[in-house]
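Numbering (our numbering), first residue to last: 2 to 188. Just so you know, even glycine gets a beta-carbon here, dropped at the ideal spot from N, CA and C. Treat the numbers as computed from the prediction; the structure is a model and nothing was measured. Structure first, commentary second.
Structural data, given as structure tokens:
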């Protein structure tokens with residue numbers, strides 16, 4: 002609060018975060034500006050590479066397979082448990098729905114361990130790719146997912162992945178509430 006009070010201008014990435022600072026921290030609204038998460042279209046839109054999704058058994062997925070894609074940080078604010086449980090449920094029902102998780106982070110090893118130990122065959126774990134190739138994977142997916150946990154602060158921010166997936170014209174399954182939910186609903 003000390004730094005916010007001394008700042009001449011504060012820039013945040015969503016109207017929800019501005020409301021939070023006004024209501025919860027007592028900051029004057031006139032000194033807070035909003036710049037929504039920018040998207041570098043050239044970086045996320047790279048489609049020079051052909052994206053290939055392969056299961057652990059080596060099966061290449063095709064146009065008849067439904068692919069739910071997440072690409073990004075596997076950090077603590079993400080709820081991968083719900084995705085792992087959904088993958089197991091779809092697999093048990095015999096549905097051809099695959100979950101592709103691309104990236105690394107603090108929870109990556111935990112996710113890998115669960116996939117192996119629980120023998121989740123329709124979960125594909127992928128290493129990160131460069132920004133120029135990322136768009137090809139988004140483009141090849143059926144739908145993108147942003148599995149953020151229900152945390153109070155996250156209700157006030159836009160998740161960067163949402164704006165990237167929207168810029169590439171993909172349907173989004175969003176597992177969170179707040180301003181990100183409003184953004185997706187309005188799109």
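The residue from 121, 77, 78, 110 with its alpha-carbon nearest to that of residue 95 is 121. Annotated as distal: residue 130 and residue 159, with beta-carbon spacing of 8 Å or more. Judged by DSSP secondary structure, residue 18 falls within the alpha helix (DSSP H) whose first and last residues are 16-26.
Secondary structure of residue 159 (DSSP, three-state): coil. No residue range can be given for residue 30, since it is assigned to no beta strand (DSSP E) and is classified by DSSP as neither H nor E.
Excluding its 5 nearest sequence neighbours in each direction, residue 12 has C-beta neighbours in its own chain below 7 Å: 34, 36, listed in chain order.
Residue pairing by DSSP places residue 101 opposite 70, 125 in a beta bridge. Under the DSSP assignment, residue 184 falls in the alpha helix (DSSP H) whose first and last residues are 180-187.
The Cβ atoms of residue 151 and residue 177 sit closer than 8 Å to each other.
Beta-bridge analysis with DSSP links residue 55 to 61. The C-beta distance from residue 138 to residue 67 rounds to 15 Å, too long to fall under 8 Å, and the pair is not in contact. In this model, residue 83 and residue 147 are separated by some 11 Å (Cα to Cα). For residue 155, same chain residues with a beta-carbon under 7 Å away, outside a window of 5 residues either side, are 78, 149, 177, 179 in chain order. Here residue 154 carries a helix assignment [DSSP, helix/strand/coil]. For the 8 Å CB-CB criterion, residue 72 and residue 104 form a contact. Counted as a single uninterrupted DSSP element, the beta strand (DSSP E) harbouring residue 12 occupies residues 11-13. Within the DSSP bridge table, the entry for residue 79 names 149 as partners. The C-beta distance from residue 55 to residue 125 rounds to 7 Å, short enough to fall under 8 Å.
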